[in-house]
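A short worksheet on the structure shown next.
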Amino acid sequence: MASRALEIANGVPGLAPERAVSWPKRTKARLSNGLEVILAEAHAIPKFHGELFFRSGNAAAIHRAPGLAEMAATVVRTGTTKRASRQIEEDLRRIGADLSSGAGADTSAISFSGLSEFAEPLLVLVNELAREASFPEGEFERERRQKLEEVKLDRTQPGFLASERLRKILFGAHPYGQVSPSEEQVAAYKREDLQAVYREFYTPENALLLLVGDFDSTEMLETAGKVFGTWTGKKPETRAPAAVSDPRGRRVYLVHVPKAVQTQILAGCHAITRKHPDWLKLGLTNSLYGGAFNSRLVMNIREDKGYTYSPRSGVTALRQHGYFSVSAAVRNDVVAASLTEIFYEMDKLRSLPVPELADAQNYLTGVFSMGLATQDGLLSQFSTVALNELPDDYLETYRQKIRALTPQDLLEAARKYLDSANMQIVVVGDRARIESQAALFGELQIYDAQGAKLS
Numbered sequence: 005m006a007s008r009a010l011e012i013a014n015g016v017p018g019l020a021p022e023r024a025v026s027w028p029k030r031t032k033a034r035l036s037n038g039l040e041v042i043l044a045e046a047h048a049i050p051k052f053h054g055e056l057f058f059r060s061g062n063a064a065a066i067h068r069a070p071g072l073a074e075m076a077a078t079v080v081r082t083g084t085t086k087r088a089s090r091q092i093e094e095d096l097r098r099i100g101a102d103l104s105s106g107a108g109a110d111t112s113a114i115s116f117s118g119l120s121e122f123a124e125p126l127l128v129l130v131n132e133l134a135r136e137a138s139f140p141e142g143e144f145e146r147e148r149r150q151k152l153e154e155v156k157l158d159r160t161q162p163g164f165l166a167s168e169r170l171r172k173i174l175f176g177a178h179p180y181g182q183v184s185p186s187e188e189q190v191a192a193y194k195r196e197d198l199q200a201v202y203r204e205f206y207t208p209e210n211a212l213l214l215l216v217g218d219f220d221s222t223e224m225l226e227t228a229g230k231v232f233g234t235w236t237g238k239k240p241e242t243r244a245p246a247a248v249s250d251p252r253g254r255r256v257y258l259v260h261v262p263k264a265v266q267t268q269i270l271a272g273c274h275a276i277t278r279k280h281p282d283w284l285k286l287g288l289t290n291s292l293y294g295g296a297f298n299s300r301l302v303m304n305i306r307e308d309k310g311y312t313y314s315p316r317s318g319v320t321a322l323r324q325h326g327y328f329s330v331s332a333a334v335r336n337d338v339v340a341a342s343l344t345e346i347f348y349e350m351d352k353l354r355s356l357p358v359p360e361l362a363d364a365q366n367y368l369t370g371v372f373s374m375g376l377a378t379q380d381g382l383l384s385q386f387s388t389v390a391l392n393e394l395p396d397d398y399l400e401t402y403r404q405k406i407r408a409l410t411p412q413d414l415l416e417a418a419r420k421y422l423d424s425a426n427m428q429i430v431v432v433g434d435r436a437r438i439e440s441q442a443a444l445f446g447e448l449q450i451y452d453a454q455g456a457k458l459s
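Spelled out as structure tokens, the structure:
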């Protein structure tokens with residue numbers, strides 16, 4: 005009765021009990037050619053979503069050229085030995101399906117969705133793209149020209165310039181240290197380069213087929229075996245990457261953009277991968293710091309002080325390494341003030357147990373539950389588990405484990421991974437307006453937008 009009176013007095017209803025998640029039936033199998041298959045039944049709508057993943061991306065192709073796996077994935081979709089680009093589009097429309105392809109640092113993928121009744125013809129097309137992409141010369145040239153324009157545009161985007169500089173600082177000569185090719189590198193791409201990456205990466209032993217939707221798993225597994233069963237190819241050879249950098253002490257890197265009307269701040273340090281046992285602790289700590297809309301950093305420099313519209317922090321987990329970062333686009337006159345508050349909130353989390361733990365737990369478990377409401381959301385969660393080789397019960401126990409964390413757990417995670425003393429700080433803006441402010445926070449290096457060192 006007292007709690008009800010408190011709700012009325014505050015005008016805010018209490019949270020309803022957390023609903024149980026009804027997990028779909030999942031089937032795992034491996035075809036004789038090495039292709040891993042994961043199927044999850046979700047019968048709410050007569051559709052299915054799928055991805056054919058390859059466990060190799062831009063990092064594995066860096067010895068040929070930066071961004072080459074991404075370009076190969078883009079051109080894969082533009083034609084096969086049996087269908088030209090126009091025919092692929094017509095066939096997709098005819099069966100009411102969508103299909104895209106892409107690549108990141110560690111994976112390449114063909115993503116697709118469609119009506120369950122047309123699952124087999126859609127899978128036949130996916131199989132064709134994975135095995136018989138023709139890399140038409142005209143399509144390759146068109147995509148290369150478009151990529152050149154994207155690369156030029158990137159050089160005008162403060163967020164990109166900040167991310168590029170931070171990755172170089174944190175990872176150095178390691179493949180993760182290069183997030184984008186240069187114009188010269190894109191201009192030097194050859195069709196044969198893409199075909200070499202395709203032949204090496206797009207093999208069944210390197211692949212995972214994940215399907216979520218309205219189907220019977222036994223029947224779908226038979227269909228997958230029929231469609232993909234004769235595909236052959238081994239895992240690509242792995243190359244030992246260069247060691248990552250280990251920057252110590254706070255340093256500041258200013259990327260000079262003349263006449264910039266605001267400044268992009270990005271600070272970061274090494275962290276952990278998804279497989280690390282501290283991942284959930286760090287995730288909840290990040291949520292409290294700057295990873296949620298009601299986080300401390302947002303309340304401080306957005307709501308209270310009005311320095312920025314959208315500060316945020318996050319943990320980026322790549323396959324071999326991870327890093328923690330915090331970013332904000334701020335007015336030129338408050339760069340030093342914003343950095344002061346960024347480190348104030350970071351050091352506070354490293355110093356005192358958090359009192360608002362339950363709010364952060366409710367937020368993180370709520371977001372997790374919302375992400376399971378669609379086939380696409382389920383697909384994303386299942387792929388995270390499979391590609392990161394997480395425990396089979398990771399999703400089922402996620403909410404329970406988040407709720408079991410204590411203020412002491414978060415204090416330990418903050419002290420371990422929010423490495424305030426060794427944060428590397430990137431500021432992108434007009435040197436004349438921000439250099440003196442940036443220099444207050446560490447030894448200063450200055451670059452132009454092309455990456456050349458100015459001082």
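Letter by letter, the sequence shown follows residues 5 to 459 of the numbering used here.
Think of the CB as a built atom: it goes at the ideal place given N, C-alpha and C, for glycine as much as any other residue.
Values in this document were obtained by computation on a predicted structure and should not be read as measured data.
Under 8 Å between the Cβ atoms of residue i and residue j?
i    : j    : result
F219 : F386 : no
A228 : V25  : no
P140 : T234 : no
V339 : I450 : no
T312 : G433 : no
L399 : P357 : no
L391 : K279 : no
G295 : G326 : no
L376 : L382 : yes
L170 : V430 : yes
V256 : F445 : yes
Rounded to a whole number of angstroms, what is the C-alpha to C-alpha distance between residue i and residue j?
i    : j    : result
L10  : E124 : Note that L10 scores 46 on pLDDT, short of 50, meaning its location in the model is unreliable; the coordinates nonetheless yield the value given after this. Those two C-alpha atoms are separated by around 57 Å.
S342 : Y421 : 21 Å
P1   : S184 : Residue coverage of the chain in this structure runs from 5 to 459, which leaves residue 1 outside it and unanswerable.
A418 : V190 : 40 Å
L127 : I114 : 11 Å
P240 : A200 : 11 Å
V231 : A211 : 14 Å
G287 : D413 : 11 Å
S221 : R135 : 24 Å
Y180 : E188 : 20 Å
P251 : A364 : 31 Å
T85  : E147 : 19 Å
E22  : T160 : 45 Å
I92  : S138 : 13 Å
M427 : G253 : 7 Å
L119 : P50  : 6 Å
L174 : S249 : 6 Å
L96  : S89  : 11 Å
S389 : Q404 : Sequence check: residue 389 is Val here, not Ser. In a straight line, the C-alpha of V389 is about 17 Å away from that of Q404.
R59  : D197 : 19 Å
G176 : A166 : 15 Å
L35  : R98  : 29 Å
E153 : D452 : 19 Å
E94  : R68  : 34 Å
I12  : A362 : The pLDDT assigned to I12 is 48, lower than 50, so where the model puts this residue is not dependable; a value taken from the coordinates is nonetheless given after this. Those two C-alpha atoms are separated by around 21 Å.
Rank the options by C-alpha distance to the C-alpha of residue i and give the top, closest one.
i    : options                : result
H178 : N336, P245, K352       : P245
K61  : Q324, V248, R300       : Residue 61 is actually Gly in this sequence, not Lys. Comparing Cα positions, the closest option is Q324.
F116 : R306, H280, E55        : E55
K194 : L72, D397, E393        : L72
N290 : A69, Y367, E132        : Y367
D110 : A166, A64, E145        : A64
T369 : K32, I406, E121        : I406
T378 : V389, A166, S89, L215  : L215
N37  : G108, E226, A436, G237 : G237
S424 : G142, Y293, R243       : Y293
L157 : E307, Q182, S186, N131 : S186
I305 : R335, T320, L409       : R335
S314 : L322, D308, F297, A321 : F297
N131 : G446, V80, E345        : V80
E226 : M350, P262, A33        : A33
E349 : V265, S299, L133, D337 : S299
I346 : V371, V302, M374       : V302
Requested in this report: Write down every uninterrupted run of the beta strand (DSSP E) in the region 20 to 96 whose length is 3 residues or greater and which is fully enclosed by it, in chain order.
Outcome: 30 to 34, 40 to 45, 51 to 58
Report task. May I have a chain-ordered list of the beta strand (DSSP E) segments no shorter than 3 residues that lie completely inside the region 415 to 452? Result -> 428 to 433, 447 to 452
Report task. Decide if the region 190 to 209 is in contact with the region 65 to 79; the criterion is three or more beta carbon pairs, one per stretch, under 8 Å apart. Result -> yes
Query raised in the report: Are the region 326 to 338 and the region 271 to 287 touching by the rule of at least three beta carbon pairs closer than 8 Å?
Result: yes
Requested in this report: Please confirm if the region 31 to 50 is in contact with the region 88 to 108, defined as three or more CB-CB distances below 8 Å between the two stretches.
Outcome: no
Query - Complete alpha helix (DSSP H) runs within the region 213 to 292 (minimum length 4 residues, chain order) - result: 221 to 232, 283 to 290
**Report entry** Contiguous beta strand (DSSP E) assignments of at least 3 residues, all confined to the region 345 to 428
**Finding:** none
Query - Sequence ranges, beta strand (DSSP E) only - wholly within the region 298 to 332, length at least 3 - result: 316 to 321
Query raised in the report: Which runs of the alpha helix (DSSP H) spanning at least 4 residues fall entirely within the region 94 to 182, listed in chain order?
Result: 123 to 136, 141 to 158, 162 to 175
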